[in-house]
Amino acid sequence: MQPGPPPNSTPNPMGSSRFRLGRLRSPQELTAALQSHIVGQEAAIEAAVRALTISAAGLRDPNRPIASLLLVGPTGVGKTELAKQLARQVAGDPDNLCRIDMNTLAQEHYSASLAGAPPGYAGAKEGLTLFDPALIAGNHSRPGLVLFDEVEKAHATVLRSLLQILDSGVLRLSAGNETIDFRNAIVLFTSNLGSAEVAAHERRHRGSSSLQRLAAPFRPGARRDSQQIVADVVEQFFDPELYNRFDEVVQFAPLTQTSAAKIVDLELARLRNQLSAIHIDWMPDDDVRSLLINKGFDSTYGARHMKRTVRTTLSAPIAEAVVTAPDADNRSRHTLSTTVAQGGIVATVTRAVS
Ligand SMILES: Nc1ncnc2c1ncn2[C@@H]1O[C@H](COP(=O)(O)OP(=O)(O)OP(=O)(O)O)[C@@H](O)[C@H]1O
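For this note's numbering, add 24 to where a residue sits in the sequence shown, where the first one is 1.
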C-alpha cells in the first residue's frame, strides 16, 4: 500500500487543544506517578513526560501524532508496563490503549488487517481493521494511546502503513476514503532489536580483564558500549524515512538485582494494601523478599515472571490461610505471618490480640 498524501487540508479537530497531563497538574507529578510503578527506567520516563509536556504546552506538530516513541530493550524490563502506566495516567485506565501485536502481522497476507482489506476483498466494505478508533481518538481532554508491540516483527507492508501514520497522523484505509486519525494519539512502539546482539557481544567478552576493557575502544572487535550496539542495530533495521519519524528512540536498561528487589517491594506493598482492606496486618520479611527475587527475576526474562511468581508463590498460600483461618471474619483485626520453608512460603493467619 502506498502512503497517501498528507491530508493537511483536513483540520485536526484537536490541533489547537492543550491537554492537562492526564489527571495530573505538572510534569513533576506525572514523573512521580510513573516512577511509583516503573523501576530503574528513568530515561524512558523522562522521554514520556517530555512528549506529554510538549503536547500540554500546545507546542506539538498538529498534523502528526502527539508523540511517537520507540521503546527498545530486552524482554521483561518494563516497556509494555510503561505504556500501561501512561494509559492509566492520561486515559484513566491501564487498559485504555489500543494494542497491536505486530508479531501477528509478520506475513504479508495478514498485513491487510492493519489498514483494512483492499477493495473487492472480504471485509473491505466494512473497513475492518485491528484498530479501535475510539481508543486512538481519545477526546478533547485526553489523548488516545496506541501500542505497536514488537514492531520489528511486522511485514514491510505494515511498516509502510506506520510511515503514513507518523508522517501525516492519518491512516487511509485500503478500501477507500475512510481514515483513522492518529493526530490526537500518543503512538508507542516496542522492540527487542539489538538485545540478541548485546547478549552475543557480552558472551564474547565475558571474562575479559578490566585492563583489557579499558583499552577496548581502541581495538578492533573490542568490547563496545551496549547502548551503541542497540542504537546501531535499530538504525540499520528501519528505513531512514521511518526511523527519522520517531520523535525519540528510548533505550530501556537491563534490570539489576536492586531494581528486581524494588519491583518485588511494589508487589508486596500492593498485597499489604489488599490485606489491610480486609483487616489483616502483615510485615513481609527478607526471606520472603529474597525468595521472590530468586524465583521471579532472571537475566534473560527480566521481571517478566514476577507477577505470576508472586501470585503462585505468595498470594496462593496467603489466600488459603485467609479463607481457612478458624475465626476469620471481616470485622476483627487479624495478623498474617509468613515464613520460608523448603523453598515455599507458609502463611498463618491469627486473630490479633487487642
Ligand atoms: N522496570 C519495571 N518496573 C516495574 N515492573 C516491571 C519492570 N520491568 C518489568 N516489570 C514487571 O514485569 C512484567 C513484564 O514487563 P513488560 O511487559 O513491561 O516487559 P517488556 O519490557 O514489554 O518485555 P517484552 O519485550 O517481552 O514485551 C510487568 O508486568 C511488570 O510486572
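Ideal Cβ placement from N, Cα and C applies to all residues, glycine included.
- Under the three-state reduction of DSSP, Gln-251 is assigned to helix.
- The segment 348-365 makes no contact with the segment 319-335: fewer than 3 CB pairs, one atom from each, lie closer than 8 Å.
- DSSP places Leu-95 in no alpha helix (DSSP H) but in the uninterrupted beta strand (DSSP E) bounded by 91-96.
- With respect to the 9 Å criterion, Val-170 and Ala-115 are not classified as neighbours on the basis of their beta carbons.
- The three-state reading of DSSP puts Ile-287 in helix, counting H, G and I together.
- Contact between Thr-359 and Asp-271 does not hold, since their C-beta atoms are separated by about 51 Å, which reaches or exceeds 8 Å.
- Straight across, the Cα-Cα distance linking Ser-361 with Ala-284 is about 23 Å.
- Three or more pairs of CB atoms, one per stretch, sit closer than 8 Å, so the segment 179-193 contacts the segment 260-267.
- Gly-100 and Val-377 have their C-alpha atoms some 43 Å from each other.
- Under the DSSP assignment, Val-182 falls in the alpha helix (DSSP H) whose first and last residues are 180-192.
- Annotation: the continuous beta strand (DSSP E) that includes Leu-360 extends over 358-365.
- Judged by the Cβ position, Gly-102 qualifies as a neighbour of ligand 1 at the 8 Å threshold, a heavy atom of the ligand being closer than this.
- In the three-state scheme derived from DSSP, where H, G and I count as helix and E and B as strand, Phe-172 is classed as strand.
- Within the same chain, Leu-95, Leu-106, Val-274, Phe-276 come within 7 Å of Ala-68 by CB-CB distance, once the 5 residues on both sides are set aside.
- In this structure, the beta-carbon distance from Val-288 to Arg-313 falls below 9 Å.
- Here the alpha carbons of Ala-91 and Leu-195 stand approximately 16 Å from one another.
- Around the C-beta of Ile-317, 16 or more other C-beta atoms lie within 10 Å, and the residue is accordingly described as buried.
- Each residue's CA atom was taken as its position, placing Thr-104 and Thr-336 some 22 Å apart.
- Rounded to the nearest whole angstrom, the CA to CA distance from Arg-123 to Phe-155 is 8 Å.
- The alpha carbon of Asp-310 has as its nearest neighbour, out of Val-364, Arg-355, Gly-326, the alpha carbon of Val-364.
- Annotation for Lys-177 indicates a beta carbon at 8 Å or more from all heavy atoms of ligand 1.
- If you draw a straight line from the Cα of Phe-172 to the Cα of Asp-125, it comes to about 6 Å.
- Of the candidates Ala-178, Gln-251, Val-346, the residue whose Cα lies closest to the Cα of Gln-298 is Val-346.
- Met-307 counts as exposed, since fewer than 16 other C-beta atoms from the protein chains shown sit within 10 angstroms of its C-beta.
- For Arg-357, the closest of Gly-82, Glu-132, His-303 by C-alpha to C-alpha distance is His-303.
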